[in-house]
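Visitor:
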Amino acid sequence: MRPLCVVQLLPALESGGVERTTLEIAAALVAAGHRSVVVSAGGRLLPQLLATGAEHIALDIGRKSPLTLRHARTLRAVFAQTDIVHARSRLPAWVGWLALRGMPAATRPHFITTVHGLNSPSRYSAILTRGERVICVSESVRCHVLRHYPQLDSGKLAVIPRGVDPAAFPRRAGVDRGARAAWAQRHPALAGEGPLLLLPGRGTRLKGHADAIALLAALRQAGCDARLWLPGAVQSGRTRYLAELEAQAGALGVRQALALTEPTAAMASAYAAADLVLQLSRKPEAFGRTVIEALCVGCPVLGWAHGGVGELLERMQPQGAVAPFDASELARRALELLDNPPAPAATMPLTLKAMQEATLALYRSVMEPA
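Add 5 to the 1-based position in the sequence shown for our numbering, that's all there is to it.
1. Roughly how many whole angstroms lie between the Cα atoms of Gly168 and Ile218?
2. Going by DSSP, what residue range makes up the alpha helix (DSSP H) through Gln253?
3. Let me check one thing: in DSSP terms, what residues is Phe116 bridge-paired to?
4. Let me know if Met372 comes out buried or exposed under the rule of 16 or more other beta-carbons within 10 Å of its beta-carbon.
5. Please give the ranges of any alpha helix (DSSP H) in the stretch 306-359, keeping only runs that are unbroken, at least 4 residues long and fully inside the region.
6. Using the rule of at least 16 other Cβ atoms within 10 Å of the residue's Cβ for burial, across every protein chain shown, is Ala190 buried or exposed?
7. Please report the Cβ distance between His311 and Thr266, rounded to the nearest whole angstrom; I am assuming they are in contact, meaning their Cβ atoms lie under 8 Å.
8. To which residues of the same chain is Asp65 closer than 6 Å at the C-beta, ignoring the five residues directly before and after it?
9. Mind pulling the alpha helix (DSSP H) runs of 4 or more residues that sit fully within the stretch 112-182?
10. Is the CB-CB distance between Val23 and Val42 below 8 Å?
11. Going by DSSP, which residues form a beta bridge with Thr266?
12. For Phe330, count neighbouring C-beta atoms within 10 Å of its own C-beta (all shown protein chains included) and say buried if the count is 16 or more, exposed if not.
13. List the whole-angstrom C-beta distance separating Thr27 from Leu15, where the pair is believed to meet the contact cut-off of C-beta under 8 Å.
14. Taking Cβ positions, are Leu201 and Ala336 nearer each other than 8 Å?
15. Whole angstroms are fine: how far does the CA of Ala178 sit from the CA of Pro126?
16. In chain order, what residues of the same chain have a beta carbon less than 8 Å from the beta carbon of Thr112, not counting five sequence neighbours either side?
17. Hey, is the stretch 312-320 in contact with the stretch 284-296, meaning 3+ C-beta pairs nearer than 8 Å?
18. Which residue comes first and which comes last in the beta strand (DSSP E) that contains His39?
19. Got a sec, what are the start and stop residues for the alpha helix (DSSP H) Ile218 sits in?
20. With a cut-off of 8 Å on the beta carbons, I'd call Ala184 and Ala278 a contact; round off their distance for me.
21. Looking at the secondary structure, which residues open and close the beta strand (DSSP E) in which His61 lies?
22. Rounding to the nearest angstrom, what Cα-Cα distance links Leu50 and Arg7 in this structure?
23. In whole angstroms, give me the CA-to-CA distance for Arg147 and Arg138.
24. Alpha carbon to alpha carbon, how far is Ser145 from Arg152? Give it in angstroms, no decimals.
25. Per DSSP, Gln284 is paired with what?
26. Using the three-state DSSP reduction, which class does Leu50 fall into: helix, strand or coil?
27. For my contact list, Leu96 and Thr73 are in at a C-beta cut-off of 8 Å; report their separation, rounded to the angstrom.
28. Any C-beta of chain C sitting closer than 8 Å to the C-beta of Asp344?
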């Protein structure tokens with residue numbers, strides 16, 4: 006097949022799973038000899054995008070304003086030399102769809118969408134179901150889409166889970182004591198011989214930090230000298246929330262065993278230092294990338310069994326799936342996993358390469374004549 010031109014649409018390139026997947030597909034397109042273009046407002050990940058060999062067009066297509074729709078005319082000019090338009094977010098999808106509607110059908114690029122989240126059903130969200138093919142990042146997302154849009158042709162949906170790069174998250178045998186000591190030197194609350202619990206996540210109640218602190222208190226009350234690290238809990242503009250977590254830890258008597266820190270880019274080392282990774286999002290997540298990252302390293306995972314996280318745990322480590330918000334069962338299961346860590350799977354099925362190959366195969370499929 007001749008080289009393709011694929012344009013991906015998203016609000017910005019700051020951080021998050023949508024942005025990371027955009028960069029990963031951009032890199033795969035360039036590596037396969039295709040032209041990769043990303044349209045967004047830019048952001049801190051822009052240098053990484055450009056380093057893949059992809060191109061970037063700066064348009065603020067994610068700003069929630071009626072004026073954003075005016076960018077449809079600009080996009081129409083961009084799409085004139087495009088084979089596939091891939092929209093990854095709702096408002097950019099609307100702008101892209103309007104641009105495509107104004108083009109002759111014979112020269113109109115193919116329109117693909119990805120549902121990255123469990124969005125609330127509405128006419129606004131429904132734009133992500135209008136792609137010729139609709140990628141769902143998990144089976145949970147596919148079920149969510151079909152439940153709320155029953156008129157949708159299920160044959161248009163393709164489940165392509167996110168993937169992890171095993172080279173970036175190498176397997177280790179047991180806890181890496183050197184990594185643990187290094188992190189404890191930076192965060193003294195992590196020092197000690199007891200097990201380390203790790204919950205990565207930004208500073209919002211949805212990530213379940215309070216549940217993790219309550220679990221820490223329950224484990225220590227049971228005689229387990231556990232420590233808890235919450236990288237990402239310290240976030241600009243979240244001072245009040247941080248104070249709430251500190252107050253909770255103080256009231257439960259575990260403040261000295263808790264490290265609340267900014268996010269770290271060295272997550273592979275963090276997983277390697279941990280005895281148990283937690284995924285306790287209060288709201289079901291579409292996927293749950295930290296689950297596969299931790300399991301790839303070989304660290305057990307404990308989480309609420311709902312959404313994409315429950316799906317991943319059921320498939321890859323069912324001992325870590327706990328009915329949502331059952332605090333006593335969470336503590337019991339944590340002690341079991343710490344006492345008898347399950348043997349990690351021999352291979353990681355959800356790899357970055359598999360995700361990239363499946364996405365490029367889907368691109369090729371829409372280009373094939375009927």
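We put the beta carbon where it would ideally sit given N, CA and C, even for glycine.
Guide: Taking the structure as given:
1. 29 Å
2. Thr244 to Leu257
3. Val90
4. exposed
5. 312-321 and 332-344
6. In the sequence as displayed, the identity of residue 190 is Gln instead of Ala. Answer is exposed; the Cβ neighbour count stays below 16.
7. Here His311 is actually not in contact with Thr266; their C-beta atoms are around 27 Å apart, not less than 8 Å.
8. Ala46
9. 144-153
10. no
11. Pro236
12. That one is exposed.
13. 6 Å
14. no
15. If I take the Cα positions, the gap works out to 44 Å.
16. Ala85
17. yes
18. That residue, His39, is in no beta strand (DSSP E); it is neither H nor E in DSSP.
19. His214 to Gln226
20. 4 Å
21. For His61, the uninterrupted beta strand (DSSP E) run begins and ends at Glu60 to Ala63, by DSSP.
22. 29 Å
23. 12 Å
24. Inter-residue distance for Arg152 and Ser145 is about 11 Å (C-alpha atoms, whole angstroms).
25. Gly308
26. coil
27. 6 Å
28. The structure shown contains no chain C; it is built from a single protein chain.
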